[in-house]
Every structure is written in C-alpha cells, then in structure tokens.
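*Asks:* Sharing a structure with you now.
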Amino acid sequence: MSLTVSSNCHLSLPTARTRQVMGEFGHVYEQQYAVALFNSVRFEIEGGGGPQSQLLHRKNPLEDRSIFSGGLFQYLEENKRWRNRFVFVADTYNISFYENKVAHERSLHPKGTINCAGYKALTSMEEYLELINTSLPGIKAKVGSGPFVKCATQFPLILWHPYARHHYFCVLTEKEQKKWHAVLQDCVRHSNNGLSEECRVQTPAFTDAMRLHRQAQGHYGTWDMMCGGPPQILANLVMETLHPELRNLIGPRLKGKIQQRQRNWMLISEAVYKQVLSQTQAQYEALVQTCEVEISRLDAVLRTDMDQIITSKEHVSGKIRALVLPRAEQLLRGSVQPFLSSILEALMEPTSRGFSEVRDVFFRELVEVSKNTLNGGGKDKLGEHMEKISMLAFHPVKMQSCYEKVEQLNLEGLQQRFDVSSPSVFIQRAQILMREQMDNAVYTFEHLLHQSLEGKVQGGEDLCKTIHCCQDRVLKKYDYDSSTVRKKFFREAVLQIIIPYMLKHAFVYNLSSPTSQDLPRFQELIFEDFSQFILVENVFEEVVLQSVTKDIMMAVKEAAVQKKHNLYRDSMILTNSDPNLHLLGENPSVDWATQYRGGNEEPEGALGGGGQSSRRRRQVVSMIQLDEMGPLPYESCLEVPGVDFIPEEGEMEEVEVKAQEGLSARALRICTEMHDIDSYNSMVHGQSHTHWSLHVLLFSSRGHCRQAVDANSLACHPTVMDIVVYNISL
Numbered sequence: 144m145s146l147t148v149s150s151n152c153h154l155s156l157p158t159a160r161t162r163q164v165m166g167e168f169g170h171v172y173e174q175q176y177a178v179a180l181f182n183s184v185r186f187e188i189e190g191g192g193g194p195q196s197q198l199l200h201r202k203n204p205l206e207d208r209s210i211f212s213g214g215l216f217q218y219l220e221e222n223k224r225w226r227n228r229f230v231f232v233a234d235t236y237n238i239s240f241y242e243n244k245v246a247h248e249r250s251l252h253p254k255g256t257i258n259c260a261g262y263k264a265l266t267s268m269e270e271y272l273e274l275i276n277t278s279l280p281g282i283k284a285k286v287g288s289g290p291f292v293k294c295a296t297q298f299p300l301i302l303w304h305p306y307a308r309h310h311y312f313c314v315l316t317e318k319e320q321k322k323w324h325a326v327l328q329d330c331v332r333h334s335n336n337g338l339s340e341e342c343r344v345q346t347p348a349f350t351d352a353m354r355l356h357r358q359a360q361g362h363y364g365t366w367d368m369m370c371g372g373p374p375q376i377l378a379n380l381v382m383e384t385l386h387p388e389l390r391n392l393i394g395p396r397l398k399g400k401i402q403q404r405q406r407n408w409m410l411i412s413e414a415v416y417k418q419v420l421s422q423t424q425a426q427y428e429a430l431v432q433t434c435e436v437e438i439s440r441l442d443a444v445l446r447t448d449m450d451q452i453i454t455s456k457e458h459v460s461g462k463i464r465a466l467v468l469p470r471a472e473q474l475l476r477g478s479v480q481p482f483l484s485s486i487l488e489a490l491m492e493p494t495s496r497g498f499s500e501v502r503d504v505f506f507r508e509l510v511e512v513s514k515n516t517l518n519g520g521g522k523d524k525l526g527e528h529m530e531k532i533s534m535l536a537f538h539p540v541k542m543q544s545c546y547e548k549v550e551q552l553n554l555e556g557l558q559q560r561f562d563v564s565s566p567s568v569f570i571q572r573a574q575i576l577m578r579e580q581m582d583n584a585v586y587t588f589e590h591l592l593h594q595s596l597e598g599k600v601q602g603g604e605d606l607c608k609t610i611h612c613c614q615d616r617v618l619k620k621y622d623y624d625s626s627t628v629r630k631k632f633f634r635e636a637v638l639q640i641i642i643p644y645m646l647k648h649a650f651v652y653n654l655s656s657p658t659s660q661d662l663p664r665f666q667e668l669i670f671e672d673f674s675q676f677i678l679v680e681n682v683f684e685e686v687v688l689q690s691v692t693k694d695i696m697m698a699v700k701e702a703a704v705q706k707k708h709n710l711y712r713d714s715m716i717l718t719n720s721d722p723n724l725h726l727l728g729e730n731p732s733v734d735w736a737t738q739y740r741g742g743n744e745e746p747e748g749a750l751g752g753g754g755q756s757s758r759r760r761r762q763v764v765s766m767i768q769l770d771e772m773g774p775l776p777y778e779s780c781l782e783v784p785g786v787d788f789i790p791e792e793g794e795m796e797e798v799e800v801k802a803q804e805g806l807s808a809r810a811l812r813i814c815t816e817m818h819d820i821d822s823y824n825s826m827v828h829g830q831s832h833t834h835w836s837l838h839v840l841l842f843s844s845r846g847h848c849r850q851a852v853d854a855n856s857l858a859c860h861p862t863v864m865d866i867v868v869y870n871i872s873l
C-alpha cells in the first residue's frame, strides 16, 4: 500500500502546525529568556545554596567508558526480516547498531542510532499490542490475534514511542533479556532526565516558557513527554495536537487488515514526526541565536541597575501578595492541605526504600571486596575489584534492585484530583538521584581508600581494616547526603503536584485577577527600562509558590521525625570530620587497573570506541557468561547463530556453514525453506550441547521434517536440495 496522502492539506498540515506552535512558543521564550538572565546574574551576585554535600562529586564519571555492547537480533522494517546486529551503548546512552563488531571496531558509521528519550522498553508482545491497539480509534486487534511483527524468539525487546519509529529486538535466553532490558531502561531513564542544570539561562527560560505555553492551552500538571533535548520536546509539543488530528483525517482512509492498517499508520506517524523534529531543530536554533545576540546589552543593564530592578520587583510583589495571599490561603486550606500528608506518604515510602537499597548494595559490594582481598592476594586483587566497583552506579543490572523499589511509587487516588498524568516523572527523577548518590559514595570511597594506601605496604588483614574504616566513613556521609537529597526531592515533587492545581483552580477563588483585570495596573508600577526583567505573570506565580512553601516545609519536617523514613532533622548538621576531603575531589579519578594491576591486563569487556583513539574504552556492564562456560570470545552478550538460521515465512536463500571441531571443513551450500517457526524454535531449544555439533535435517517441499542425516554422509546425497541446517550450538 502506498503511504502517500493525496490531500495537499494533509501534506502541509505538519509544517503549518509547527510554524504556528513555534511562533507562539518563541514569543514566550524571548520574554522568559530575559527573566532567566536576570535570575542568573542575581544569583551570581548574591550567592546562595543549601547544605554542603559530605560526599565528593565526580565531574565526568563515564570518561573513557561505554555502558554495554553485544549481539542482538533486530527486525528490519524495510525488508521485514530479522538480522543479527552488534549493538553498542556509548557513554551518551545513545544506542548504535552495526553490521557486526568488526564494523564498530573500525569506526565505521553505524546502521542507525536511537535516542531513547520518550521511549518505553517492553519485554513482551502483549504489552506492545496493548499500546498499539490504542494507536487508531476503533481499530483493535481481536484477542489472540498475532501482531504484524512475528518475533523470532521467545524473548523480545521492544522500544515503543507514541510518535517515533518503534524498534524490535530479540535474544535467545531469559538471562540476556533481563540484562538488555535493564540496559534499555537505563538508556530511557538517562535520556528522560531533563535539561542540563549547567545552562543557567537557557534551561530555566525553556522550561518556564514551555510551562506557561501549555498553561495557556489549558494543560496544567506534569507532562510525560517533557523529555529529551529542546527540539525533541518541541516536536512532542507539536505532535500533541497534530497527531490526533492527522489520525482522524487519515485513519478512515487506511485499507487492509487490522495489523496492516496499524503498521501503515505507525509508518505515517514516524514520517510526520521526523519532519516536525527537523523543523523544530532549525527553528529552535534560530530562536536561541536571536536571544543570545541581546545578552551583552541585557547583561550590562542588569549589572548597572540590579539594585533598582530588585527594589522594583519587590514593590510589585508586595502589591500582588496583598491581593492574592488571602485567597490563595483559602484555596490551600480547603483543597490542598488535607491531602499533603497522603501525597508525602506516597512519595516517601518507595523513595526511602530505594535509597536504603542503594546503601545496602554499596555495603554488600564492599564486603565482597574485603573477602576477596583477604583470600586473594593483597593490593593486586584489590585493584581488580575496585576497577569493577568504580562504575557500580552506572551498572543497570546491579542497580536494578534499587530502581525497582521506587517503581512501586503509586499516586492512585491523587492523580486525577491533582492532574498528574502518571508517576513516571517522579520515579525516573528519584532513580537518577539514587544513581548520583551511589556514584558519589563510590567516588568518595575510592579517594579515601587510595589516600590511606598511598605509600604503605599492607597485608591482607591490615588491608581489610583500612577498607572497613573507609567504608564506615563513607556510609555516615551517605546517610546525611541521602537525607538532604530526599527532602529536597520531596519538596520539589509536592510543589510540582500542588502548584499546577492551584493555578488551574485560581479562577474559582478569583486568584487570576493579577494576570487579567488588574494586569495593566500592576504593569504600570514597573519602570519601562526594567519591564523585560519583571513580568507580572512570573511574579504572580512566585507569590502563589510562596503561599504553599511554608506548609510543605512543615509537612516534610514532621515526616523527618518518623524513623521509618530514615531522615535527618533539619537542625542536625553533620560536622565535617574530613576538612580536606573536598581537596581530594580535585584530583583525577583513581586508575585502579594501572596503579594496582600494572596496567598490562585488558579490562573485561573493553571495547574500541567508535571514533576513539587507540586507547580502548572500558565497559561498565560485564559480559554474560553461560553456565559451565567462560565468556564468549567476540561478544559481550551471548553469541547468537547466524542470521540465516532465523526462519522467515516465504523466504528462500542460500546459507554457507562451516563445520568446526572434528567435523568436515567443507563449505556446504544449502537452500532453505522454513515455514514453521514454532517447530524450529522447539527443536533449537530442545537440546543442550557442550561441544560444537552440526545437525542436518531433510525437509520436504512443504517444510516438514522427513529424515535426519549425519553430516559426514552428506557427500552420499548429492541430489538433496531441500536441506536445512538445524542447529549449530555451544
């Protein structure tokens, strides 16, 4: 079926909608850019900040590292076939796939790259079907009907996106599936982490402009598609209204079976999303350049008149506060305060369990280091273990138990009332904070241990005592920092839930007057030269924020008293027992492999990074090892059979197989015709071998098994053309 839409109106709609949305957003962004610049310069002059962290923070934790790599089967939409691909997850968490490992090591261009922002990682076709059945209105596959993609194994891995291309992978074992799923989830989590806080002007300008723009459209509360970079978020914003409109226009015109219509709609959606994304990318870059041209002029005004601007803003704030505060408190007492404890309890329980699990995982790993060091040979063995622990926070499999604790977070009963689309925004943020705290603990332990060992010769018992001493110091610091980070997270999460609710219901309590009827009156109080930096809308929201902050702070303080949450009281300040510790943080990361193992051994899972020099990148997640077997020589994931052993319906192609270990080295050219994938899978998984074996089965023209033939007797059957290689396995 052709996916070309005949209507010129349909073809031009994405471009027109993108231009419209970007025009509206751009106007708000330019206003918020000046406000963000004012706040940035003011912070620079006045300073600020909360409690000082006790743990060290690593600036670039994944330098010279990759996350994971290995072989996966990938479904190719272009020719509807499964192919074996070498998949590489770099330190950016982008997923690149290559023809094979050699192509990656030669720094060839990948076949494709996936940015996981906005995706969901699925492990079953049932989950996937549930999502795609909602893609077209009135079109749902019948219960028990098969999807348009037939998975080659029993262990699929699917990346689903509401607008972009879906990606289909599969592996051979459940162990592989779990490991890859943890890696894919980490890629999604990292990509959805929000914009960089280091951009002190662009990031707040963008987030505030996006929030105000969506509020103007009547959308309050959290938004699941606020993920990725600014162009991706803007593309999601365009697609939020464009996607359902196109679906209603094009959906009724799609022909064919249900699965075919779903597939065609997904291809159309992908094409439109690509078009929109390319346009938002170009238009956002132009918007930023326009704003940056004005930075020098605005900065000069701010630094010259900062005191006057602050005085003017405080004067306007006082006027708005006098009008708004009584009404805001009425709304707060009647509709928000009764639910504060429920919101905090829903957030605190799973989050505290997750942070507690981080502490336990860290403790268990260090206990293992102590045991292995005591039994295995001093500093040399210590270097080997510390090399693995140094990347513990970025090991998605080892961190999975921590992440799963937070995934139990449930706002059921509160979501509808406070217009929270889903708890995923809070879950992913908590998981990122857990990862940061784990890395801070590991990094601090590394420096303390390295300092304690420097220039000293210690035996097994003394070495264990040193490890234990450093471990206790780090755990105390972790407990304090964990409490501080969690309390800040709770406050921010509650504000994210409550503030949109109060703004949305402002009309009921007549809170909207400062931004509508009384707007000109308040605007007149601001000097024209300062009007770029003081916007009445922003001041109004700040006043509403201040009205609830005190209650939230008190609620978190009361929760800190409960022992089950393991939080420090605000009055408790951990004395700095390591005054020179932060000086250690300025030193480079400890290279345990070089300093304690001689640097001669290649770290497990080391890979040549695409575009890297001859220095090899060390891999965070280690290779999968099969029972009773060592690691596979060429793949960090279980090595899979060649692509030609994946059966495909209606496919006839030639296969070349080399027999190994005692079998004939003669190349066998075989014509295959596989019709029954289930029978094939049952045969493949029906036997387990610890040595190489070649099984050849005779197939009739209908594809049914007829006779087993010994490999060495093939020469006796020169006329046999319908032969298939059954299995080459380890």
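Each residue of the sequence shown is one higher than the one before, counting from 144 in this note's numbering.
We put the CB at the ideal spot given by N, CA and C, even for glycine.
From a predicted model like this one, the values you see are computed outputs, not experimental measurements.
Alpha carbon to alpha carbon, how far is Gln175 from Val184? Give it in angstroms, no decimals.
*Replies:* Cα to Cα, Val184 sits roughly 14 Å from Gln175.
*Asks:* Let me know if Leu430 comes out buried or exposed under the rule of 16 or more other beta-carbons within 10 Å of its beta-carbon.
*Replies:* Flag for Leu430 reads buried.
*Asks:* Taking the C-alpha atoms as reference points, what is the distance between Ala307 and Val733?
*Replies:* If I take the Cα positions, the gap works out to 41 Å.
*Asks:* Where does Gln666 sit, in a helix, a strand or coil, going by DSSP?
*Replies:* If DSSP states are grouped into helix, strand and coil, Gln666 belongs with the helices.
*Asks:* Three or more beta-carbon pairs under 8 Å between the segment 289-306 and the segment 402-410, yes or no?
*Replies:* Yes, since at least three Cβ pairs between the segment 289-306 and the segment 402-410 fall closer than 8 Å, the two stretches touch.
*Asks:* Is Gly461 helix, strand or coil when you go by DSSP?
*Replies:* Helix at Gly461.
*Asks:* Which same chain residues end up closer than 8 Å to His356 when comparing Cβ atoms and leaving out the 5 residues on each side of it in sequence?
*Replies:* Cβ neighbours of His356 beyond the five flanking positions: Glu167, Phe168, Val171 and Leu380.
*Asks:* Across which residues does DSSP place Val232 in a beta bridge pair?
*Replies:* Note: Val232 sits in a beta bridge opposite Phe211 and Ile238.
*Asks:* Could you spell out where the beta strand (DSSP E) holding Ala264 opens and where it closes?
*Replies:* Element bounds for Ala264: Lys263 to Leu265.
*Asks:* How many angstroms separate the CA atom of Tyr241 from the CA atom of Tyr218?
*Replies:* Near 13 Å, if we compare the C-alpha coordinates of Tyr218 and Tyr241.
*Asks:* By DSSP's criteria, Leu219 is part of a beta bridge. Which residues make up the other side?
*Replies:* According to DSSP, Leu219 bridges with Arg224.
*Asks:* Mapping the DSSP letters down to three states, classify Arg761 as helix, strand or coil.
*Replies:* In the structure shown, Arg761 sits in a strand (DSSP, three-state: E or B).
*Asks:* Could you say if the segment 690-704 and the segment 474-487 meet the contact criterion of at least three C-beta pairs nearer than 8 Å?
*Replies:* A contact exists between the segment 690-704 and the segment 474-487.
*Asks:* Using the DSSP secondary-structure output, state which residues sit across from Cys313 in a beta bridge.
*Replies:* Looking at the DSSP assignment, Cys313 forms a beta bridge with Phe216 and Pro299.
*Asks:* Tell me whether the beta-carbon of Gln580 lies closer than 8 Å to the beta-carbon of Asp624.
*Replies:* Contact: yes.
*Asks:* Confirm, please, whether the CB-CB distance from Phe537 to Ile275 is below 8 Å.
*Replies:* No. Outside cutoff.
*Asks:* Could you spell out the range, first to last residue, of the alpha helix (DSSP H) harbouring Ile257?
*Replies:* It is not in any alpha helix (DSSP H) - Ile257 instead sits in the beta strand (DSSP E) that spans Gly255 to Ile257.
*Asks:* Mind checking whether Asp582 and Pro157 have CB atoms under 8 Å apart?
*Replies:* No, they are not a contact pair.
*Asks:* Which same chain residues end up closer than 6 Å to Tyr644 when comparing Cβ atoms and leaving out the 5 residues on each side of it in sequence?
*Replies:* For Tyr644, where only same-chain residues beyond five positions count, the Cβ hits under 6 Å are Phe561.
*Asks:* Taking just the CA atoms, how far does Arg224 sit from Ala246?
*Replies:* Answer to the nearest angstrom: the Cα atoms are 21 Å apart.
*Asks:* Identify, in the order they occur along the chain, each residue of the same chain with its Cβ nearer than 6 Å to the Cβ of Glu778, setting aside the five sequence neighbours on each side.
*Replies:* Caution applies to Glu778, whose pLDDT of 40 falls short of 50 and renders its modelled position unreliable; the model cannot decide the point.
*Asks:* What separation, rounded to the nearest whole angstrom, lies between the Cα atoms of Pro305 and Gln418?
*Replies:* So the two alpha carbons sit approximately 15 Å from each other.
*Asks:* Do Leu272 and Arg390 have their C-beta atoms closer together than 8 Å?
*Replies:* Cβ distance not < 8 Å, so Leu272 and Arg390 don't count as in contact.
*Asks:* Taking Tyr271 as part of the alpha helix (DSSP H), name the residues at either end of that continuous run.
*Replies:* Unbroken alpha helix (DSSP H) run through Tyr271: Met268 to Ile275.
*Asks:* With DSSP as the reference, label Arg502 as helix, strand or coil.
*Replies:* Of the three classes helix, strand and coil, the one that applies to Arg502 here is helix, per DSSP.
*Asks:* Only counting runs of 3 or more residues, tell me where the beta strand (DSSP E) segments fall wholly within the segment 309-374, in order along the chain.
*Replies:* Runs found: 310-314.
*Asks:* Going along the chain, which residues of its own chain have a beta-carbon closer than 6 Å to the beta-carbon of Gln551, five neighbours each way excluded?
*Replies:* Only Pro493 meet the Cβ criterion.
*Asks:* Taking a contact to mean a Cβ-Cβ separation below 8 Å, would you say Ala489 touches Leu576 in this structure?
*Replies:* Result no, Cβ atoms of Ala489 and Leu576 do not sit closer than 8 Å.
*Asks:* Alpha carbon to alpha carbon, what distance is there between Val699 and Arg634?
*Replies:* Taking the straight line from one Cα to the other gives about 7 Å.
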